[in-house]
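Here the structure is laid out as structure tokens; the discussion comes afterwards.
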Amino acid sequence: MPQQRKIPIQPCILIVGTPTDPKEILVFFDSTKYKVFSIVHAIDICFKIFHLFNLEYPSQSITVWIFIQKYFFSLTTKFDKPCHLIGQILSDLTNY
Numbered sequence: 227m228p229q230q231r232k233i234p235i236q237p238c239i240l241i242v243g244t245p246t247d248p249k250e251i252l253v254f255f256d257s258t259k260y261k262v263f264s265i266v267h268a269i270d271i272c273f274k275i276f277h278l279f280n281l282e283y284p285s286q287s288i289t290v291w292i293f294i295q296k297y298f299f300s301l302t303t304k305f306d307k308p309c310h311l312i313g314q315i316l317s318d319l320t321n322y
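Here the sequence shown is numbered in our numbering, starting from 227 and rising by one per residue.
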């Protein structure tokens with residue numbers, strides 16, 4: 227029997243409609259579905275789930291999540307991966 231890969235459970239945002247005109251916004255985590263009323267709230271919930279359960283950000287979007295973590299939450303963790311681009315963007319926004 228083939229060995230199954232252990233893929234960590236991560237929160238996921240689903241937008242029904244378009245980002246500018248969403249009909250429904252959902253956050254999925256494990257077997258739970260949260261209905262929210264703004265994309266900002268969905269991102270906030272996802273971010274907090276990552277940190278509450280000590281989950282790694284998905285590799286495909288790690289840069290975006292670290293930017294959100296540092297810019298909006300002013301949070302630094304021992305798991306942060308250095309990224310020159312994020313440092314430059316944060317510096318530019320601070321000096322703007």
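Beta carbons: idealized from backbone N, C-alpha and C, even for Gly.
Is Gln295 buried or exposed, if buried means 16 or more other CB atoms sit within 10 Å of its CB?
In the sequence shown, residue 295 corresponds to position 69, counting from 1. Counting Cβ neighbours within 10 Å, Gln295 comes out buried, since at least 16 surround it.
For Phe254, the first and last residue of its enclosing beta strand (DSSP E):
On the sequence shown, residue 254 is found 28 positions in, with the first residue counted as 1. Counting along the chain, the beta strand (DSSP E) containing Phe254 begins and ends at Asp247 to Phe255.
If I follow the unbroken beta strand (DSSP E) through Thr302, where does it start and stop?
By 1-based counting over the sequence shown, the position of residue 302 is 76. It is not in any beta strand (DSSP E) - Thr302 carries neither H nor E in the DSSP assignment.
Taking the Cβ atom as the reference point for each residue, do Pro237 and Ile271 lie within a distance shorter than 9 Å?
Locating residue 237 in the sequence shown gives position 11, where the first residue counts as 1. Locating residue 271 in the sequence shown gives position 45, where the first residue counts as 1. A distance below 9 Å separates the beta carbons of Pro237 and Ile271.
Distance check for Lys274 and Asn280, CA to CA, integer angstroms please.
Taking the sequence shown and counting its residues from 1, one reaches residue 280 at position 54. Taking the sequence shown and counting its residues from 1, one reaches residue 274 at position 48. Straight-line Cα distance between these residues: approximately 10 Å.
Distance between Phe254 and Phe298 (C-alpha atoms, nearest Å):
Taking the first residue of the sequence shown as position 1, residue 298 is located at position 72. Taking the first residue of the sequence shown as position 1, residue 254 is located at position 28. If you draw a straight line from the Cα of Phe298 to the Cα of Phe254, it comes to about 22 Å.
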